[in-house]
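Engineer:
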Amino acid sequence: MAFVENAWYVAGWSRDFSQELVTRTIVDQDIVLFRKSSSEIVALADCCPHRLLPLSKGKRVGDTVQCGYHGMTFDGTGQCVRVPGQDNLPSNAKVRTFAVVEQNGIVWVWMGDKTQADPTTIFSLPQFADPNWHAHFGDALKIDAYYLNVAENLVDPAHVSFVHPTTLGNAASEDVPVEVSTDGDVITAWRWIRNAPPVGFFQQFGNFSGHVDRWHYYHLHLPSTAVIDFGSANSADSIREQDRDSGVRIFAIHFVTPVDSDRTIDYWMHVRNTATNDDSASELMDTLLRKAFHEDVEILEAIHRSEKRSTHRQQVRIAIDKGPNAYRKRINDLLQVEATAA
Amino acid sequence: MAFVENAWYVAGWSRDFSQELVTRTIVDQDIVLFRKSSSEIVALADCCPHRLLPLSKGKRVGDTVQCGYHGMTFDGTGQCVRVPGQDNLPSNAKVRTFAVVEQNGIVWVWMGDKTQADPTTIFSLPQFADPNWHAHFGDALKIDAYYLNVAENLVDPAHVSFVHPTTLGNAASEDVPVEVSTDGDVITAWRWIRNAPPVGFFQQFGNFSGHVDRWHYYHLHLPSTAVIDFGSANSADSIREQDRDSGVRIFAIHFVTPVDSDRTIDYWMHVRNTATNDDSASELMDTLLRKAFHEDVEILEAIHRSEKRSTHRQQVRIAIDKGPNAYRKRINDLLQVEATAA
Amino acid sequence: MAFVENAWYVAGWSRDFSQELVTRTIVDQDIVLFRKSSSEIVALADCCPHRLLPLSKGKRVGDTVQCGYHGMTFDGTGQCVRVPGQDNLPSNAKVRTFAVVEQNGIVWVWMGDKTQADPTTIFSLPQFADPNWHAHFGDALKIDAYYLNVAENLVDPAHVSFVHPTTLGNAASEDVPVEVSTDGDVITAWRWIRNAPPVGFFQQFGNFSGHVDRWHYYHLHLPSTAVIDFGSANSADSIREQDRDSGVRIFAIHFVTPVDSDRTIDYWMHVRNTATNDDSASELMDTLLRKAFHEDVEILEAIHRSEKRSTHRQQVRIAIDKGPNAYRKRINDLLQVEATAA
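Protein chains in written order, with the numbering used here: chain A, 1 to 342; chain B, 1001 to 1342; chain C, 2001 to 2342.
(1) Beta strand (DSSP E) containing A/Val83: first to last residue?
(2) What residue ranges within the region 1236-1320 of chain B form continuous alpha helix (DSSP H) runs of no fewer than 4 residues, ordered along the chain?
(3) What does C/Lys2059 pair with, by DSSP beta-bridge criteria?
(4) Beta carbon of C/Met2072, beta carbon of C/Ala2093: below 8 Å?
(5) Taking only the alpha-carbon atoms, compute the straight-line gap between A/His221 and A/Val227 and give it to the nearest angstrom.
(6) Note down, in chain order, all residues in the region 1159-1186 of chain B with a beta-carbon under 8 Å from any beta-carbon belonging to chain C.
(7) Run the CB neighbour count on B/Gln1066, radius 10 Å, all protein chains shown included, and call it buried at 16 or more, exposed below.
(8) Please list the terminal residues of the continuous alpha helix (DSSP H) segment that includes C/Gly2169.
(9) Is there at least one Cβ from chain D nearer than 8 Å to B/Val1316's Cβ?
(10) Tell me which residues share the same chain as A/Ala326 and place their Cβ nearer than 7 Å to its Cβ, disregarding the 5 neighbours each side in the sequence.
(11) List, in chain order, every chain A residue whose beta-carbon is nearer than 8 Å to that of C/Glu2307.
(12) Let me see if you follow: with CB-CB separation under 8 Å, is C/Ser2261 close to chain A or not?
(13) Residues bridged to B/Leu1033 by DSSP?
(14) Put B/Asp1139 into one of helix, strand or coil per three-state DSSP.
(15) Within a Cβ cutoff of 8 Å, which residues of the same chain sit near B/Cys1047, ignoring the five residues on either side of it in sequence?
(16) Could you pull out every residue in the same chain whose Cβ sits closer than 6 Å to the Cβ of A/His219, ignoring the five residues on either side in sequence?
(17) What residues in the region 2086-2116 of chain C bring their beta carbon closer than 8 Å to a beta carbon of chain B?
(18) From this set, B/Lys1057, B/Met1001 and B/Glu1174, which residue's C-alpha is nearest A/Ile303's C-alpha?
(19) Count the CB pairs spanning the region 2008-2019 of chain C and the region 2073-2082 of chain C that are closer than 8 Å, and state whether there are at least three.
(20) First and last residue of the beta strand (DSSP E) that includes B/Gly1323?
(21) Under 8 Å Cβ-Cβ, which residues of chain B neighbour A/Ile303?
(22) Show which residues of chain B have a CB atom less than 7 Å away from the CB atom of C/Val2362.
(23) Grab me the residues of C/Asn2195's own chain with a C-beta within less than 6 Å of its C-beta, minus the 5 sequence neighbours each way, in chain order.
(24) Mind listing the chain C neighbours of B/Ile1299? Cutoff is C-beta to C-beta under 8 Å, in chain order.
(25) Could you tell me which chain A residues have their CB closer than 9 Å to the CB of C/Ser2310, listed as they occur along the chain?
(26) Can you give me the Cβ contacts of A/Gly112 inside the same chain, cut-off strictly under 6 Å, excluding the 5 residues immediately before and after it?
(27) For B/Phe1201, which three-state DSSP category applies?
(28) Roughly how many angstroms separate the alpha carbons of A/Pro177 and B/Leu1089, rounded to a whole number?
(29) Given a cut-off of 8 Å, decide if C/Thr2264 and C/Ile2143 are closer than it, judged by their beta-carbon atoms.
(30) Please give me, in chain order, every unbroken run of the beta strand (DSSP E) with length at least 3 that falls completely inside the region 93-145 of chain A.
(31) Can you tell me which of the three DSSP states C/Ala2007 falls into?
(32) Given a threshold of 16 other Cβ atoms within 10 Å of its Cβ, counted over all protein chains shown, does A/Asn273 qualify as buried or as exposed?
(33) B/His1221 bridges to which residues according to DSSP?
(34) Considering C/Phe2208, what are the terminal residues of the beta strand (DSSP E) in which it resides?
(35) With distances taken from CA atoms, which of A/Val337, A/Phe123 and A/His254 is nearest A/Val101?
What follows is the structure in structure tokens.
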């Protein structure tokens, strides 16, 4: 399986990183990360070039990392600065490093050609900086599935009625068609379910007494960051698309990080315009989202096992595939560009 | 590994199937089975043609099954009857179905070309319908081995002295030669051990005070149903072959269902002419047979691991291989026929 | 992965073998061993030539082993002496046997061409027979790594400072260069760390009050027996190389037996010139060595996993590789000789 390498992927939340050595596997490459004394995070290939021991089996010494086998030591630029038992340093004694950016409490790593790493292209959301909104970091959800299937699921509102019938969806939306559009590197699939009972989630959160208008906007930013804008408002208010802030509105954000061909980590968080000072609301929302996301995991892992047994990925195409298909086509274009450059 | 596909294989006992979705893997194909409201059992390929999710991850809705990802729904003929979010049904939206026959409390599935599925060829035994006999259903025994080795073991009376020395055999039979004959699709290997102490099994069941004449007839019906007719009678009675009903006579029946190249399920039951109204006798017999069959499992799984490490299956041929070799030759003929037709 | 087959490998200690059937896998070949009534140990390929069942699933009968499937029986020379149910013995009914030598409480097996098996080449140590020394048998340490990496680690004193900083080494030795020499089939790497605090091991064993001179001599006998001569003496005594017996001196011996490409067993023991009549000293030493050797296991298994992910084994060569590189070259020469002969 190929991966888009020239991209920023999330390696975790800021709180996950300290002066301890932390390991990650992203696009099938093992890296080790740690904070220098300046608190800057550095990322090195997790492999000593001498005998291939993961550097994470060694230890941090000041702003360097020392291999646990023979003590070869590398600084944050990947340069070898010490070989015990000899004075000269072999010219090829260096390890690859990766660009790291920490922003809004999120740690991003660029896994491809470092010269193309542009921090200004990193995903952000205006609401991160808006005091009327509250951002809350969730879990690192491990999924035994190929990441493109995980990401496709996040530009596919139609699955909600069947995978999450008691949490995020219900039967009222089963046959509501899905709209799809593309704007630059963002593919959006959305639909409104007007004048229906609130789903489980908004029964708990919205305090609605009657029918609601519910929306789902799935924005999938290439290569694999999804922002799911969903919410509900009293149907009596007949709100317009652009007035979603007047309802209960939540952005569930999924940073989908490919581990390898068979594994993915979904770092998820949410941003909300309700109960912004209420920690117990954050916990309740985590609990509800965790339950829903595990419903996705069961489906995605079953599909992964099934694809590995089968010779073709998909046999029948239906209307609701429009978002996923647009996404897959864009990814293939990116892979093509990288393959040509290599 | 190739499998004979044009054959009826046992998928379980009638009692194993209800309106719940039940899964099986037979000849390396995943199927999902359920009873319709008419109680008829249907079997579909366990794979939605849209995104390959196993249909068993969805749910039964009336006499149809609804996929758990996007709600595509299929009836018992495999035809798609609903695609949520669109009115038209894609012409290629169908799943393969398999012929199912329920007979004598046993559920059979035909895994190959459906036009060749002839229910009149399904294995039966006159004693199933005879009030002087009692049929009792046993377990689904999982064996991590290739099914042909499991079946060969069931046309091989010679192994009994060594694999089952305290249960079904004893030292008295070690050197008694085995007779083999073939009649249509049935290969039979048998021997009589005359005038010897009863083996463990018939010490418990026959209430014999002196020596017995013991017989073992292994009838292997192609492709993989084995009927082991074994019993004992007082040696003083000097019974003839055709008078076996006058002794304590048991048919241990093994329906050997190939799961995949490395796994087999042996659905086993027995039919007996003794203690026909005695449930505790059924339980005791299950206990004894279970113990003996686990002795087989240990040997068969060790051989399977050994064959996977080795480059040849068999190095030395000996006299008692006659039954197994005749069986393997007939199976190879069947595989040849199917390969030629395909 | 290729293995040197024309070599004596340790299969265990004498105490591990009785009339019970014992199995081992050495250079990816399965063998079964047992003592005959004469107490001589025989080793046969653990595979019946009839249906490939491991003979170890059968039982010993006198000085023969009887297969657990159909009772074919083989003597200690590998010759078939019985086929139940028939009088003649097939001419190809034999199993391969392996030369076994028991010496100094250690059981050796020759895995290659039996005609080249020369017992006089088996490793020994004069101290085994010296009453001033005590030999104590340790454990069979299982390591999920390729055996050449395990052996290389045993001609590499430089790793001690980093892998065993609190047990066998300490920071004082980090930059002390390593000397390497070759004498016939023995490659030796060594160094002295003069006038330094005793390491953890000799704090417990030497009862030293001040600084010590510490030595590490790693003698690696082809293909994979390592004798690590290490010890300490009061620095005030300024002992010479040849006077090591006057200090506290220990031979830690590792018999590195390749299981397969991914697994190795290190049978380890030690011989010492201190506390020779003290069983509690043996136990304490086992405890200390066990802790240190598990530090090696963690490193070696991590390297093994890393090598399997990588396309090259080593990228950078440094000074302390001299011993390991000399060893690897000699092993490659041996493999070349065997490949040419085959």
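Cβ atoms here follow ideal geometry from the backbone N, Cα and C, with glycine treated the same way. This one's a predicted model, so the numbers in the text were calculated from it and none came from an experiment.
Structural biologist: According to the structure data:
(1) No beta strand (DSSP E) holds A/Val83; DSSP gives it neither H nor E.
(2) 1279-1309
(3) C/Gln2066
(4) yes
(5) 8 Å
(6) His1159, Ser1161, Phe1162, Val1163, Glu1174, Asp1175, Val1176, Pro1177 and Val1178
(7) buried
(8) Here C/Gly2169 belongs to no alpha helix (DSSP H), and DSSP marks it neither H nor E.
(9) No chain D is present in this structure, whose protein chains are A, B and C.
(10) Val180, Thr182 and Ile187
(11) Leu52
(12) For C/Ser2261, no Cβ of chain A is located within less than 8 Å of the residue's own Cβ.
(13) Paired residues: B/Val1022 and B/Ala1043.
(14) strand
(15) Listed in chain order, the non-local C-beta contacts of B/Cys1047 below 8 Å within the same chain comprise Asp1030, Leu1053, Pro1054, Leu1055 and Val1095, local neighbours out to five positions each way being set aside.
(16) Val186, Thr188 and Val227
(17) Of all residues in the region 2086-2116 of chain C, only Gln2086, Pro2090, Asn2092 and Ala2093 come within less than 8 Å of chain B when Cβ atoms are compared, listed by chain position.
(18) B/Lys1057
(19) no
(20) B/Gly1323 -> not in any beta strand (DSSP E); alpha helix (DSSP H) instead, spanning Lys1322 to Ala1341.
(21) The answer, in chain order, is Arg1051, Leu1052, Leu1053 and Tyr1069.
(22) Past the boundaries of the shown model lies residue 2362 of chain C; chain C is included only from 2001 to 2342, so the question cannot be answered.
(23) His2211 and Ser2235
(24) Within chain C, the residues near B/Ile1299 are Leu2053, Lys2057, Gly2068 and Tyr2069.
(25) Those are Cys47 and Leu52, listed as they occur along chain A.
(26) For A/Gly112, where only same-chain residues beyond five positions count, the Cβ hits under 6 Å are Glu5 and Asn6.
(27) helix
(28) 15 Å
(29) yes
(30) 97-103, 106-110 and 134-143
(31) coil
(32) buried
(33) B/Val1186 and B/Thr1225
(34) No beta strand (DSSP E) holds C/Phe2208; DSSP gives it neither H nor E.
(35) A/Phe123
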